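Visitor: Quick note on UniProt numbering: the sequence shown kicks off at 1 and runs consecutively.
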Amino acid sequence: MILKNKNISLKFHFKETNKNNKFVILNYLVSVFLWMLIFVFCFFFQTNNFLLPTKNYLIQLISCALCGFIIPFSGSSMQGVTRNELAGPTTLGFLPLTTTSLVIYLLIDKAFPNVLNIYVEYFINLFLAIFSIGIIYLIAKKSKKKFFLILMGLMFGVLIGAINSLLVYLLPNFQISYSPFLGNLQIRTDEIYIYSSMAFNIVGLLMILIVGRKITIIQNNDDLASSLGINVKRIFLISSFGSILISIGSTLLIGSIVGIAIVFPIIVRKILRKNNFYTCSFLSSIWTSTLLIISCMLNYRFGYGLNFFCMFIIAPIFLYVVSRKKF
Numbered sequence: 001m002i003l004k005n006k007n008i009s010l011k012f013h014f015k016e017t018n019k020n021n022k023f024v025i026l027n028y029l030v031s032v033f034l035w036m037l038i039f040v041f042c043f044f045f046q047t048n049n050f051l052l053p054t055k056n057y058l059i060q061l062i063s064c065a066l067c068g069f070i071i072p073f074s075g076s077s078m079q080g081v082t083r084n085e086l087a088g089p090t091t092l093g094f095l096p097l098t099t100t101s102l103v104i105y106l107l108i109d110k111a112f113p114n115v116l117n118i119y120v121e122y123f124i125n126l127f128l129a130i131f132s133i134g135i136i137y138l139i140a141k142k143s144k145k146k147f148f149l150i151l152m153g154l155m156f157g158v159l160i161g162a163i164n165s166l167l168v169y170l171l172p173n174f175q176i177s178y179s180p181f182l183g184n185l186q187i188r189t190d191e192i193y194i195y196s197s198m199a200f201n202i203v204g205l206l207m208i209l210i211v212g213r214k215i216t217i218i219q220n221n222d223d224l225a226s227s228l229g230i231n232v233k234r235i236f237l238i239s240s241f242g243s244i245l246i247s248i249g250s251t252l253l254i255g256s257i258v259g260i261a262i263v264f265p266i267i268v269r270k271i272l273r274k275n276n277f278y279t280c281s282f283l284s285s286i287w288t289s290t291l292l293i294i295s296c297m298l299n300y301r302f303g304y305g306l307n308f309f310c311m312f313i314i315a316p317i318f319l320y321v322v323s324r325k326k327f
């Protein structure tokens, strides 16, 4: 009887494994097909109905591709270490604080022109983001409810987003095009922004990849992680700091659309029914990168902004997860 049950469980295991492998193969095939369409769109359609690609446009495509590949690692790591599907740079308040620093930078630059440089902007970002994670961590530490961490981050996000929107309304002459939830029509193409933002992204990605195996163990069983001697709090802080760096680098380059970081890790995890950090993050990266490139192409053709398109992808999935969550 035991042997029979064991054979049934093995058959089920191999069936699930084959199903996951088929999904991975299908994912690669569809991604390759979409990238081929993107290539054709960019270089071979040269009729009056299409705009010819420029150097700035190609730089925007590359920026979207690179940021789109790195961003999901941020969301996936925070979801894994907090064991909450809604965790990410947006819901934990990193993104709103990052965009708030842009407002502060513009205000200071307006008051004292030609004094600040780009590195001051990054420093303000870093300070505010670390301040955010410190407050959220200390408050959530006293609560036994896992969702409390996300709730605090959302409160930060709503408050800061409201302040930013008010500042943009009262001070329209500053032309703050990178404030959250307002959309952004352009992607920065200055070389100094590209190099420095990519440096932040790569350092943040490396920090997260180093603790990736431990994140997988924590997400599957935090008691097992503790028994194996894994310091969950330390992994949380390392992942948070890496996520902060990715949020800073991506937001300053492509705008507040980095909120999409939490979406595809949720989808991939639901389809695969497994919590392997590296597998879920890598597959999520392919789809996020593809989506951002398509968004950039549509933005270049119609000029409506990246957020408008991507919110149709983010909002339904976010609402679905919230509706299924047991608080």
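Just so it is clear, CB atoms sit at the ideal spot from N, CA and C, and this is done for glycine as well.
Please read these numbers as outputs of a predicted model, since none were measured by experiment.
With distance defined between alpha-carbon atoms, name the residue in 289, 252, 204 and 265 nearest to residue 237.
Guide: Taking the first residue of the sequence shown as position 1, residue 237 is located at position 237. Answer by Cα proximity: 204.
Visitor: When burial is assigned at 16 or more other CB atoms within 10 Å of the CB, is residue 284 buried or exposed?
Guide: In the sequence shown, the residue the question calls residue 284 occupies position 284. Under this definition residue 284 is a buried residue.
Visitor: Rounded to whole angstroms, how far is the Cβ of residue 280 from the Cβ of residue 76, which I believe are closer than 8 Å?
Guide: Position 280 of the sequence shown, counting from 1, holds the residue named residue 280. Position 76 of the sequence shown, counting from 1, holds the residue named residue 76. Right, their Cβ atoms sit about 6 Å apart.
Visitor: Hey, could you find the ends of the alpha helix (DSSP H) residue 260 is sitting in?
Guide: For the purposes of this step, residue 260 is taken as the residue at position 260 of the sequence shown. Here residue 260 belongs to no alpha helix (DSSP H), and DSSP marks it neither H nor E.
Visitor: Whether or not the stretch 242-253 and the stretch 193-201 are in contact is what I'm after, with contact meaning three or more pairs of Cβ atoms, one per stretch, closer than 8 Å; do they touch?
Guide: With the cut-off at 8 Å, the stretch 193-201 and the stretch 242-253 touch.
Visitor: If contact is defined by three or more beta carbon pairs under 8 Å, each pair taking one atom from either stretch, is the stretch 233-248 in contact with the stretch 203-221?
Guide: Yes, they touch.
Visitor: Restricting to Cα atoms, I'd like to know which of 57, 61 and 55 is closest to residue 290.
Guide: Sequence index remark: in the sequence shown, residue 290 carries index 290 (1-based). Here the closest residue by C-alpha is 61.
Visitor: Look up residue 204 in the DSSP assignment and say whether it is helix, strand or coil.
Guide: By 1-based counting over the sequence shown, the position of residue 204 is 204. Note: residue 204 maps to helix in three-state DSSP.
Visitor: Helix, strand or coil for residue 243 per DSSP?
Guide: Position 243 of the sequence shown, counting from 1, holds the residue named residue 243. Helix, per DSSP.
Visitor: In whole angstroms, what separates the C-alpha of residue 234 from that of residue 59?
Guide: For this step, residue 234 is matched to residue 234 along the sequence shown. For this step, residue 59 is matched to residue 59 along the sequence shown. Cα to Cα, residue 234 sits roughly 37 Å from residue 59.
Visitor: Determine whether the beta carbon atoms of residue 228 and residue 64 lie at a separation below 8 Å.
Guide: Working through the sequence shown from its first residue, we reach residue 228 at position 228. Working through the sequence shown from its first residue, we reach residue 64 at position 64. It is not a contact, given that the beta carbons lie outside the stated cut-off.
Visitor: Could you compute how far the alpha carbon of residue 124 sits from the alpha carbon of residue 247?
Guide: Position 124 of the sequence shown, counted from the start, is the residue given in the question as residue 124. Position 247 of the sequence shown, counted from the start, is the residue given in the question as residue 247. C-alpha separation (whole angstroms): 13 Å.
Visitor: If you reduce the DSSP assignment to three classes, tell me which class residue 250 lands in.
Guide: One-based indexing of the sequence shown puts residue 250 at position 250. Helix.
Visitor: Just tell me which of 127, 221 and 193 has its CA closest to the CA of residue 83.
Guide: Numbered from 1 along the sequence shown, position 83 holds the residue referred to as residue 83. Comparing Cα positions, the closest option is 221.
Visitor: Quick check: the Cα distance between residue 274 and residue 267, rounded to an integer number of angstroms?
Guide: Within the sequence shown, the letter at position 274 stands for residue 274. Within the sequence shown, the letter at position 267 stands for residue 267. Answer to the nearest angstrom: the Cα atoms are 11 Å apart.
Visitor: So, with DSSP's three-state summary, where would you put residue 229?
Guide: Your numbering for residue 229 matches position 229 in the sequence shown. It is coil, neither helix nor strand.
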